[in-house]
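So the mapping is simple: my numbering equals the position in the sequence shown, first residue as 1, plus 153. Okay, so here's the structure we're looking at.
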Amino acid sequence: MQNWINNKDDSDNIVLSSRIRLARSLREIPFPNRLSDEQGLQVVKSVEDAFYTNEETKNKFSSKYLWLSSESENSSFLEKHLISSNLINNHKKAAFILDKDETISIMINEEDHVRLQCINAGFNLDETYSIANNIDDVLESNLEFAFDERFGYLTACPTNLGTGLRASVMIHLPALSMNNQMSQVLNALTQVGMTIRGLYGEGSTALSNLYQISNQITLGISELDILSNLQAVVSQVINQENLSRAQLMKNYKYELQDKIYRSLGILKTAVILPYKECLKLLSNVRMGVEMGIIKEIDKSILNSLIVNSKSIAIEKYYENNMSDKHIDVKRAEFVREKLK
């Protein structure tokens with residue numbers, strides 16, 4: 154798989170990434186929220202022993218222990234979508250196993266004992282699921298997961314019962330947002346058992362016009378049907394976004410080009426750059442790159458700026474605690490440097 158942040162491939166350019174997440178709990182062990190820190194550390198060891206079964210795996214993966222990491226390091230992992238906020242909340246007994254390319258993450262003691270996550274660049278749900286399924290087989294051959302013949306995999310939250318599978322794509326939908334069509338998209342997705350969330354999942358806002366579309370239903374449906382349904386829905390959303398972009402170009406060509414180039418100009422010259430404004434401008438520039446209006450900027454740079462422009466990332470980059478105003482100044486400096 155390819156890391157979505159570093160992806161330079163122009164195919165399926167509206168979809169930034171595809172993610173597969175499998176929720177698994179260990180049989181006859183209390184869910185993580187009921188575990189003591191000592192019990193949680195034992196679960197971490199059990200999962201590590203089940204996963205690190207050969208030298209090849211040990212060379213490709215490493216364990217990250219949240220209780221040994223700083224707050225800024227854990228926040229950086231979150232911003233890269235490698236872990237969840239729930240895992241950070243359990244940091245005294247939580248860890249995750251990460252591959253060198255940062256495309257595979259096995260979270261331990263999140264909401265469930267195991268949250269296996271694979272993130273691939275572009276619209277590649279089938280390939281991503283195949284890899285996640287293989288890793289799940291390795292873990293299940295060495296661990297006893299909680300499973301019921303009627304309900305499937307048993308999880309801490311009933312909404313994950315059954316397959317325990319959440320498949321999602323991160324997709325850029327600026328034209329639908331500009332045309333005030335996102336509420337219609339949301340209603341349509343809900344009716345077919347899908348949900349749409351912001352950049353960082355449940356409870357987050359759609360910063361930079363980036364959305365996550367995922368399945369809601371995990372019980373009473375097979376993994377392959379979940380993937381097939383999501384692929385069909387995302388393909389329709391892509392078509393709607395492309396139609397909206399075509400309408401904008403037909404009816405407001407010069408206004409759209411002006412908006413895109415003004416956004417690029419501000420990013421390249423701004424001295425003070427608040428976070429939300431930065432993301433809004435990056436979305437406009439990304440649309441320009443995706444539509445072929447801007448040709449000299451690599452999308453991997455834009456991906457990196459989305460992840461690394463948050464306040465805590467700016468402080469970490471410049472190795473300094475700053476006031477909010479100073480962060481905005483340094484963010485502008487950081488973006489100017491990357492867009493040279």
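Glycine residues also receive a C-beta, built at the ideal position from the N, C-alpha and C atoms.
C-beta atoms of Pro-185 and Asp-301 nearer than 9 Å:
In terms of Cβ geometry, Pro-185 and Asp-301 do not form a close pair [threshold 9 Å].
Distance check for Met-475 and Ile-379, CA to CA, integer angstroms please.
Rounded to the nearest whole angstrom, the C-alpha separation of Ile-379 and Met-475 is 45 Å.
Give the straight-line distance between the Cα atoms of Asp-411 and Ala-423, rounded to the nearest whole angstrom.
Taking the straight line joining both Cα atoms gives about 17 Å.
Beta-carbon separation of Ser-237 and Ile-465 under 9 Å?
It is not a contact, given that the beta carbons lie outside the stated cut-off.
Going by the DSSP bridge assignment, what does Ser-321 pair with across the sheet?
Ser-321 pairs with Arg-172, Ser-367.
Taking its Cβ as the centre, do 16 or more other Cβ atoms sit within 10 Å of Pro-311, making it buried, or is it exposed?
The residue in question, Pro-311, is exposed, as its Cβ has fewer than 16 Cβ neighbours within 10 Å.
Out of Gln-337, Ser-330, Leu-360, Ser-367, which one is the CA nearest neighbour of Thr-348?
Nearest of Gln-337, Ser-330, Leu-360, Ser-367 to Thr-348, Cα basis: Ser-367.
Go ahead and pull the three-state DSSP assignment for Asn-186.
Helix, per DSSP.
Quick one: which unbroken beta strand (DSSP E) runs of 3-plus residues sit fully inside the segment 231-295? Chain order, please.
Complete beta strand (DSSP E) runs here, min 3: 248-252, 257-261, 267-274.
Going by Cα to Cα distance, which pick from Ala-485, Ser-336, Glu-468 is closest to Leu-426?
Relative to the Cα of Leu-426, the nearest Cα in the group Ala-485, Ser-336, Glu-468 belongs to Ala-485.
Tyr-405 - DSSP class collapsed to helix/strand/coil:
For Tyr-405, the secondary structure class from DSSP, reduced to helix, strand or coil, is coil.
Rounded to whole angstroms, how far is the Cβ of Leu-326 from the Cβ of Asn-362, which I believe are closer than 8 Å?
Contact between Leu-326 and Asn-362 holds: their C-beta atoms lie close to 6 Å from each other, under 8 Å.
Beta-bridge pairing of Arg-350 - partner residues as DSSP gives them:
DSSP, once it has assigned bridges, lists Gln-365 as partnering Arg-350.
Mind checking which residues open and close the alpha helix (DSSP H) that includes Lys-211?
In the DSSP assignment, Lys-211 falls within the alpha helix (DSSP H) that extends over 208-213.
My output table needs one value for Asp-301: the three-state DSSP class, helix, strand or coil.
Strand at Asp-301.
What separation, rounded to the nearest whole angstrom, lies between the Cα atoms of Arg-180 and Glu-472?
The alpha-carbon atoms of Arg-180 and Glu-472 are separated by roughly 44 Å.
Given this structure, state the Cα-to-Cα distance separating Phe-214 from Asn-340, to the nearest angstrom.
Here the alpha carbons of Asn-340 and Phe-214 stand approximately 41 Å from one another.
Check whether Ala-176 and Val-291 have beta carbons under 9 Å apart:
Taking 9 Å as the cut-off, the Cβ atoms of Ala-176 and Val-291 do not count as close.
Let me know the secondary structure DSSP gives Leu-426 once reduced to three states.
Coil, per DSSP.
Should the segment 274-291 be called in touch with the segment 370-390, which here means at least 3 C-beta pairs below 8 Å?
Counting Cβ pairs under 8 Å, three or more are found: they touch.
For Met-323, which option in Ile-480, Ser-170, Ser-388 has the closest C-alpha, if you only look at C-alpha atoms?
Nearest option by C-alpha distance: Ser-170.
Looking only at C-alpha atoms, which of Asp-477, Leu-296, Asn-262 sits nearest to Tyr-205?
Minimum Cα distance to Tyr-205 is reached at Leu-296.
On the three-state DSSP scale, how would you describe Arg-489?
Here Arg-489 sits in helix by DSSP.
Quick one: give me the first and last residue of the alpha helix (DSSP H) that Leu-458 is part of.
That run of the alpha helix (DSSP H) goes 452-461.
Measuring CB atoms only, is the segment 244-251 touching the segment 217-235, in the sense that at least three cross pairs come out at less than 8 Å?
Counting C-beta pairs with one atom in each stretch, the segment 244-251 and the segment 217-235 have three or more that are closer than 8 Å, which means they touch.
Alpha carbons only, please: which of Asn-277, Leu-360, Gln-344, Lys-452 is nearest the one belonging to Ala-528?
For residue 528 there is no data in the structure shown, the boundaries of the chain being 154 and 493.
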